[in-house]
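Asker:
2 protein chains.
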Amino acid sequence: MDPSRLATGALRAPGRRRANVPEATVARLPLYLRALHVLAEDGHQTVSSEALAEAAGVGSAKLRKDLSHLGSYGTRGVGYDVTNLVEQISAELGLEHRCSIVLVGVGNLGRALAGYGGFASRGLAIDALLDADQGRVGEVIAGLTVQHVEHLPQVVSTGSIGVIATPALAAQEVCDLLVAAGVTSILNFAPIVLTVPDGVDLRKVDLSVELQILSFHEHRKAALTAAGASA
Amino acid sequence: MDPSRLATGALRAPGRRRANVPEATVARLPLYLRALHVLAEDGHQTVSSEALAEAAGVGSAKLRKDLSHLGSYGTRGVGYDVTNLVEQISAELGLEHRCSIVLVGVGNLGRALAGYGGFASRGLAIDALLDADQGRVGEVIAGLTVQHVEHLPQVVSTGSIGVIATPALAAQEVCDLLVAAGVTSILNFAPIVLTVPDGVDLRKVDLSVELQILSFHEHRKAALTAAGASA
DNA sequence: AACTGTGAAACCTTTCACAGCT
DNA sequence: AGCTGTGAAAGGTTTCACAGTT
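Chain order of the listed sequences is A and B. Here the first sequence stands for residues 477 to 707, numbered as in the working numbering. Here the second sequence stands for residues 477 to 707, numbered as in the working numbering.
Next up, the structure:
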């Protein structure tokens, strides 16, 4: 959110050799990682920027530029070593030491997230489920027992990621609780603008926003074809 | 994806007065709309760019620039008329004529999406549920009966938006079916890269990608504090 | 010959600062 | 006086094209 802080001096650590990785690049690293896993399972040992870009759904120049921000891990004339690149990207994303994920709000969406297998595969899995509703406390979902939201401080450890899947009205309160418990990275599914202190990273996923964006494009296309028909 | 196409000649329609709205602006219009609805319910008749920006979680300069792309709907010295602005943005997003939404894949996530109230409130609601699993066909979720995916052509109408909530392996096939049925706007929740023909808009929501991005920031913060401690 | 890594150009987005309207 | 609308500057991202390496 405040990119200027990304560039502040603090990271002149002893043996660091790389500059800051641009935000747009970070957002694509998970895509490359996923594509690489598929390639590895297919038995590929190396991959060209062209092929990996294709698998990840981006242009090859973009891919090379992105990877160049992590360092020079390719071999000219050959391509990238799949296993090595998986390791480099995983390291960059901090996926070595599985950080814990706590999910607050076990409604429809929370349940779906808890049961979603996509996380587990790659170093990320939900470790705790919490809810404010006593009626849900004790229920077992995807192998985890739902705890009352008051136990938040006990289930949070350093480096935990918080996921908010509560109704909009409860979201800010839950967010404050997460921050108070020391969480500095939050993913919000509630359709509301949350406020967090400096130093806390907040991302949001808003389903109806996505649909409205598509609605815009659909609307525009309809207008275009109507205009085309009248021309 | 290909911004150049957005700027092609085709839209020189007779009475058009506005230029193209930038993609980044489109992505924020739904946020403004939501904030405006809240303000309207609170009884506000007008709102300043400062106040609306605050409510939407953006800067006021950005908000004004965004709204200026839609036209001049504010009054200097006063602000924006809430009701009017809601109408203008709704029109821009094409939320007048409720376009139908068909959701394919009624697993955990699909169920959650079907039951999610967030859509219904604002011109967008799911109209049909489909699944490839005969065991799920006939089930009633959120007032809708699940139909077999073969009925897709019958439930799709012009301007429909397709939502894919199937497992990754089925997603491309379902996507192809949607495209064949005439859908030109698709929202994909499956963790896989989909290929669509030109002219079809594709957006994706990937939960594990979001978590991995947060993991990166968490990791970076940890590295920073470690470096800070050693300094 | 094949392919990476990267300056430079083109493009898009955000921020600033203020002219101009009410 | 207060606030919008907008050129211009600053910053970030993507694309191009090719030098350099294996």
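In this text, a Cβ means the ideal position worked out from N, Cα and C, and glycines have one as well. As the structure is a computational prediction, the values presented were derived from the model and not from experiment.
Along the stretch 527-559 of chain B, what residues have a CB closer than 8 Å to any CB found in chain A?
Answerer: Here the close residues are A531, A532, G533.
Asker: May I have a chain-ordered list of the alpha helix (DSSP H) segments no shorter than 4 residues that lie completely inside the stretch 541-584 of chain B?
Answerer: Qualifying alpha helix (DSSP H) stretches, in chain order: 558-569.
Asker: So L678(B) is in the beta strand (DSSP E); what residue range does that whole segment cover?
Answerer: 677-680 is the extent of the beta strand (DSSP E) around L678(B).
Asker: In whole angstroms, what separates the C-alpha of R504(B) from that of A529(B)?
Answerer: Taking the straight line from one Cα to the other gives about 11 Å.
Asker: Could you spell out the range, first to last residue, of the alpha helix (DSSP H) harbouring D652(B)?
Answerer: From DSSP, the alpha helix (DSSP H) with D652(B) extends over 644-656.
Asker: Which of the three DSSP states, helix, strand or coil, is assigned to H513(B)?
Answerer: Of the three classes helix, strand and coil, the one that applies to H513(B) here is helix, per DSSP.
Asker: Have a look at H693(A), P673(A), I662(A), V639(A) and flag the residue whose alpha-carbon is nearest the alpha-carbon of I708(B).
Answerer: No information on residue 708(B) is available, as it lies outside the stretch 477 to 707 that chain B covers here.
Asker: In the DSSP assignment, what are the bridge partners of L700(A)?
Answerer: DSSP, once it has assigned bridges, lists no residue as partnering L700(A).
Asker: Taking Cβ positions, are I602(B) and A590(B) nearer each other than 7 Å?
Answerer: The answer is yes: Cβ separation under 7 Å.
Asker: Count the other C-beta atoms from every protein chain shown that fall within 10 angstroms of the C-beta of R612(B), then say buried if there are 16 or more, exposed otherwise.
Answerer: Buried is the call here.
Asker: Is the distance from the Cβ of V681(B) to the Cβ of F665(B) below 7 Å?
Answerer: For V681(B) and F665(B), yes; Cβs fall inside 7 Å.
Asker: Might you give, ordered along the chain, the residues of its own chain that have their beta carbon closer than 6 Å to the beta carbon of A531(A), omitting 5 neighbours on each side?
Answerer: Closer than 6 Å at Cβ, skipping near neighbours: A511.
Asker: Answer with buried or exposed for G519(A), where buried requires no fewer than 16 other C-beta atoms within 10 angstroms of its C-beta.
Answerer: Label assigned to G519(A): exposed.
Asker: In three-state terms, what does DSSP make of L663(B)?
Answerer: Here L663(B) sits in strand by DSSP.
Asker: Here's the rule: buried if 16 or more other CB atoms are within 10 angstroms of the residue's CB, otherwise exposed. What is N496(A)?
Answerer: Looking at its Cβ environment, which holds fewer than 16 other Cβ atoms inside 10 Å, N496(A) is exposed.
Asker: What is the rounded straight-line gap between the Cα of V502(A) and the Cα of G675(B)?
Answerer: Taking the straight line joining both Cα atoms gives about 28 Å.
Asker: Can you give me the start and stop residues for the beta strand (DSSP E) that Q623(A) sits inside?
Answerer: Where Q623(A) is concerned, the enclosing beta strand (DSSP E) stretches over 620-624.
Asker: Taking all protein chains shown into account, decide if E626(A) is buried (16 or more other Cβ within 10 angstroms of its Cβ) or exposed.
Answerer: It is exposed - the Cβ of E626(A) has fewer than 16 other Cβ atoms within 10 Å.
Asker: Determine the chain A residues that contact Q688(B) at a beta-carbon separation under 8 Å, and present them in chain order.
Answerer: Neighbours of Q688(B) on chain A, chain order: L505, P506, L509, L569, L571, R598, L600.
Asker: Using the Cβ count rule (16 or more neighbours within 10 Å means buried), how would you classify Q630(B)?
Answerer: Result: exposed.
Asker: Using the C-alpha atoms, what's the distance from A703(A) back to T559(B)?
Answerer: Near 29 Å, if we compare the C-alpha coordinates of A703(A) and T559(B).
Asker: Applying the criterion that 16 or more other CB atoms from any shown protein chain within 10 Å of the CB defines a buried residue, is V669(A) buried or exposed?
Answerer: It counts as buried.
Asker: So G586(B) and A641(B) are in contact, right, with Cβ under 8 Å, and what is the actual spacing, rounded?
Answerer: About 4 Å separates the two Cβ atoms, so the contact holds.
Asker: Under 6 Å Cβ to Cβ from A604(A), same chain only, skipping five residues before and after it: list those, please.
Answerer: The residues are V578, V631.
Asker: Compute the Euclidean distance between the alpha carbons of L539(A) and G547(A), then round it to the nearest angstrom.
Answerer: Roughly 13 Å separates the two Cα atoms.
Asker: What residue range is occupied by the uninterrupted beta strand (DSSP E) comprising A604(A)?
Answerer: First-last of the beta strand (DSSP E) with A604(A): 602-607.
Asker: Quick one: is N664(B) near chain A, going by C-beta distance under 7 Å?
Answerer: No, its Cβ sits nowhere closer than 7 Å to a Cβ of chain A.
Asker: Could you please give the first and the last residue of the uninterrupted alpha helix (DSSP H) stretch that includes V639(B)?
Answerer: Here V639(B) belongs to no alpha helix (DSSP H); instead the beta strand (DSSP E) covers 637-640.
Asker: Look up I689(A) in the DSSP assignment and say whether it is helix, strand or coil.
Answerer: DSSP places I689(A) in helix when its eight states are reduced to three.
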